[in-house]
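What follows is a single structure, written as structure tokens, with notes after it.
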Amino acid sequence: MLRRSLGYPASVCRAFSTRSALRQTQEASSQSSSPAGSVIKAPELAQNTTTIEGLFSESVFNDVWSKQVSLKLDDLKYGISESPIRTNLESCFIESSANEVFLKGNKRTASNMVDEFLLTTTNPTVDQFCKLLEKTATKPTEQYVFQNAATIYNLYYFLSSLKSNPENTVSKADLSELYKTPDVFSKIQNPPEGSIASWIESSFGSIQEFKTLLLATANSTKGNGYTWVVHKFRKPELGQESRDLTRFSSLAILNTYNSGIPLHFRKGQISNARAFKKQQKAVKSDSQDSDSVSMYKIEIPDLEQAQDTYEPLTYCYEPLLAIGNNPSFYLRDYGVFGKSRYLENVWNCIDWDVVESRWINRTLTKKR
């Protein structure tokens, strides 16, 4: 009405109103997109952690943790904001109240707990990343989100397992470092104690054997990746939710590469590919064989077929400790030949109290 009284044509008035509506729509859109920027946060290390003395220089630690996590977190937020299942992914970082769960009818039954089995920790932020990884692990279209979330998840598990050790020497190694052999008879520095030590001995034979295998496994990796100590245990089945998760379990050492994670979300992909390939072959062979020949044909499965067909137990892996093997973790402080020295310092900086706190006899129905 004001514009008309001032002599503006109707078309101009419509243009003004259209622009205003578009601006309001954009503002509403930006407000609705706030969860990706405000709710998604990276897990935090101990307060005032600016370096891990005896392992990293301050500049290397700043690049490895502070800068890298900041960049990956921005990339993660961008990936989620552009995802076609954005709301589903953002829900990992938003806790529903009891009233919302009740109104939606999402009752937490024993069957749901087994089907959606997910290890939880005492760190809610880590649990949020774990849920996000579960939702994106088997979706090729969400690999960008998965890779950024996995980078933060793995790096946190590595650095949060360590503590400073001023007795370590951080210096570059020369070529002679490559020819050193481990002294299996020397006294082990920073040995694990208590129940975690007993569990290591029952799984690997001795602390010395465990340390030698762990560091040798880490030293054998080339490129980016992590070496993990995991608690391997049987996944609970329906009707067994209250049983101890340590039954049929042991500690194990495994490697992951690049953005790989030690969790069970992506298991079965190779087996599924084999099954699909064999199914295609079976269709072709059936069309070629006559009924009289196929009647007397006996197929004896090979080892791979037997493993794929008969899997009586489903195992899960609970991460307890991670060792970062990326060259960026050690090249500047230890040099090209210093990976063994770096790994020895990692061992001396392991906080076994943190490792043990991640492994405690619990059941599925109790929060970790």
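Numbering (our numbering), first residue to last: 16 to 383.
From the three backbone atoms N, C-alpha and C, an ideal C-beta is built for every residue, glycine too.
Assuming the contact rule is C-beta atoms closer than 8 Å, residue i and residue j should be a hit. Round their C-beta distance to whole Å, please.
i           : j           : result
residue 70  : residue 364 : 5 Å
residue 150 : residue 104 : 6 Å
residue 169 : residue 241 : 5 Å
residue 245 : residue 342 : Going by Cβ atoms, the distance from residue 245 to residue 342 rounds to 24 Å, so no, they are not a contact pair.
residue 187 : residue 350 : 4 Å
residue 203 : residue 237 : No, residue 203 and residue 237 are not in contact; Cβ-Cβ is about 27 Å, not under 8 Å.
residue 87  : residue 211 : About 30 Å separates the two Cβ atoms, so there is no contact after all.
residue 352 : residue 192 : 5 Å
residue 190 : residue 276 : Residue 190 to residue 276, Cβ: 35 Å. No contact.
residue 74  : residue 161 : That pair is no contact at about 30 Å.
residue 178 : residue 366 : 4 Å
Identify the continuous alpha helix (DSSP H) that holds residue i and give its terminal residues.
i           : result
residue 267 : Taken as a continuous stretch (DSSP letters only), residue 267 belongs to no alpha helix (DSSP H), being part of the beta strand (DSSP E) at 265 to 272.
residue 173 : 158 to 174
residue 140 : 139 to 151
residue 367 : 367 to 373
residue 73  : 73 to 76
For residue i, does the three-state DSSP call read helix, strand or coil?
i           : result
residue 100 : coil
residue 105 : helix
residue 363 : helix
residue 88  : helix
residue 60  : coil
residue 177 : strand
residue 68  : coil
residue 95  : helix
residue 188 : coil
residue 193 : helix
residue 234 : helix
residue 277 : coil
residue 126 : Because the pLDDT at residue 126 is just 46, under 50, the model does not fix this residue reliably, and the value given afterwards should be weighed accordingly. Helix.
residue 54  : coil
residue 293 : helix
residue 154 : coil
For residue i and residue j, what's the separation of their Cα atoms in angstroms?
i           : j           : result
residue 329 : residue 145 : 19 Å
residue 215 : residue 338 : 17 Å
residue 373 : residue 224 : 22 Å
residue 152 : residue 247 : 20 Å
residue 54  : residue 370 : 28 Å
residue 360 : residue 102 : 43 Å
residue 176 : residue 296 : 48 Å
residue 171 : residue 58  : 7 Å
residue 368 : residue 293 : 48 Å
residue 219 : residue 265 : 9 Å
residue 358 : residue 165 : 22 Å
residue 340 : residue 234 : 8 Å
residue 270 : residue 243 : 6 Å
residue 89  : residue 78  : 16 Å
residue 198 : residue 205 : 16 Å
residue 239 : residue 231 : 16 Å
For the beta strand (DSSP E) holding residue i, just list the boundary residues, first then last.
i           : result
residue 243 : 240 to 249
Return no unless some Cβ of chain C is closer than 8 Å to the Cβ of residue i.
i          : result
residue 53 : The chain inventory of the structure shown lacks chain C, comprising one protein chain alone.
Go through the region 199 to 231 residue by residue and report every complete run of the alpha helix (DSSP H) that reaches 4 residues or more, in order. 210 to 219
Complete alpha helix (DSSP H) runs within the region 325 to 357 (minimum length 4 residues, chain order): 346 to 349
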